[in-house]
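Colleague: Right, I'll just put the structure down here and ask away after.
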Amino acid sequence: MLNLRLKITTTALALLLIGSYLTPLSLRAESPKNYQLPAADYKTYALSTNSDSLDANSKENKRRARNGYGFVPKVMGAGQGYIQIASSAIEASLNIPLGWEALDDGKKLRVFTPESDILLVINWVSFEKYGSFDEFKNKFFEQSLRDYKERKQTNKTMKVELLNLPNGVFGHRLLNVQDELETFSLFTLFIPQPQKVGFALRVNLSAPPEKLERYLGLIGLVVRDLKMNGLGLAGTTSPANSGEGSP
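Residue numbers (my numbering): 115 to 361.
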């Protein structure tokens with residue numbers, strides 16, 4: 115289930131990165147809206163009071179490693195409602211809620227609930243072929259609309275919102291995406307990062323449609339407290355009053 119949803123969530127991005135373009139679409143009918151992630155704190159999302167879910171020696175995590183799903187990231191510390199991990203895939207440390215699980219395959223980091231109904235995928239995406247981050251944004255918006263209009267033909271309940279956030283961050287929200295097994299919604303952000311020239315950090319949340327809104331605050335927390343080489347991301351997308359973070 116986890117891998118199937120991951121495949122669906124990357125559809126628009128995969129088409130974009132291989133250069134599958136048609137005549138550029140007009141964005142006037144679906145102009146990007148300005149958006150701010152809601153305030154939140156880790157305790158809202160914590161599912162336990164310990165880090166047992168990140169035990170690399172548990173039977174389930176050993177099975178996942180053997181089957182190529184990835185390895186449990188190294189635990190670095192803990193705080194109120196969260197645990198700090200180090201990801202080799204994104205070359206950074208970040209906080210996730212207590213009780214959540216995580217797998218790192220060297221290319222992407224996946225953070226998810228024990229039931230796997232809420233899935234957060236974080237990875238780097240190169241935009242060098244587009245010349246600039248702004249051009250990458252324009253192409254992504256075009257492809258998002260194109261993919262949406264194609265899917266809308268068979269999925270009448272699907273909706274899309276193009277989003278601009280502070281500090282140059284952009285993304286989209288896709289509601290009621292359907293595959294052969296389930297219906298879910300997606301929220302994706304791309305964050306510019308001067309420390310990694312030519313790359314943007316992609317953060318993608320997928321959840322059942324009725325649960326997506328509740329977990330948007332978690333994206334802001336994770337991004338706010340993520341650190342590369344001891345430094346935070348250039349643009350935070352989380353409100354300043356969104357709870358305790360990394361020391």
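Idealized CB from N, CA, C, for every residue including glycine.
All figures in this text were calculated on a predicted structure; none of them were measured in a lab.
Looking only at its chain, what residues have a beta carbon closer than 6 Å to the beta carbon of E363, apart from the 5 residues adjacent to it on each side?
Modeller: A question about residue 363 goes unanswered here, because the residues of the chain that appear run from 115 up to 361.
Colleague: Measure how close the beta-carbons of F284 and F304 come, nearest whole angstrom, since I'm counting them as under 8 Å.
Modeller: 6 Å between Cβ atoms; contact.
Colleague: Hey, would you say K188 sits closer than 8 Å to I199, going by beta carbons?
Modeller: In contact: K188 and I199 (Cβ atoms closer than 8 Å).
Colleague: According to DSSP, simplified to helix, strand and coil, what is L136?
Modeller: Note that L136 scores a pLDDT of 36, beneath 50, so its modelled location is shaky; the value from the coordinates is reported in the next line. Here L136 sits in coil by DSSP.
Colleague: Does the separation of the CB atoms of V186 and I210 fall below 8 Å?
Modeller: Contact: no.
Colleague: Name, in chain order, the residues that DSSP records as bridge partners for P211.
Modeller: Answer is Y196, bridged to P211.
Colleague: Determine which residues share a DSSP beta bridge with F226 and list them.
Modeller: F226 is bridged to E215 and L233.
Colleague: Residues in its own chain within less than 6 Å of Y183 by CB, not counting five upstream and five downstream?
Modeller: Here the set comprises L217.
Colleague: Taking 8 Å as the limit between beta carbons, can you name the residues of its chain near D219, skipping five residues before and five after?
Modeller: So the qualifying residues of the chain are G182, Y183, G184, F185 and A203.
Colleague: For my contact list, G282 and F254 are in at a C-beta cut-off of 8 Å; report their separation, rounded to the angstrom.
Modeller: Rounded, the Cβ-Cβ distance is 13 Å, inconsistent with contact.
Colleague: Excluding the 5 residues preceding and the 5 following A206 in the sequence, name in chain order all residues of the same chain whose CB lies nearer than 8 Å to its CB.
Modeller: So the list reads A200, L340, K341 and M342, once near-sequence residues are dropped.
Colleague: Could you check what DSSP says for K273 in three-state terms: helix, strand or coil?
Modeller: Here K273 sits in strand by DSSP.
Colleague: On the three-state DSSP scale, how would you describe K147?
Modeller: In this structure, K147 counts as strand in the three-state DSSP scheme.
Colleague: In three-state terms, what does DSSP make of L97?
Modeller: Given that the chain is displayed from residue 115 to residue 361, the structure contains no residue 97 and the question cannot be resolved.
Colleague: State the DSSP-derived secondary structure class of F298, mapped to helix, strand or coil.
Modeller: Correct three-state label for F298: strand.
Colleague: Per the DSSP calculation, G191 is bridged to which residue(s)?
Modeller: Q198, per the DSSP bridge assignment.
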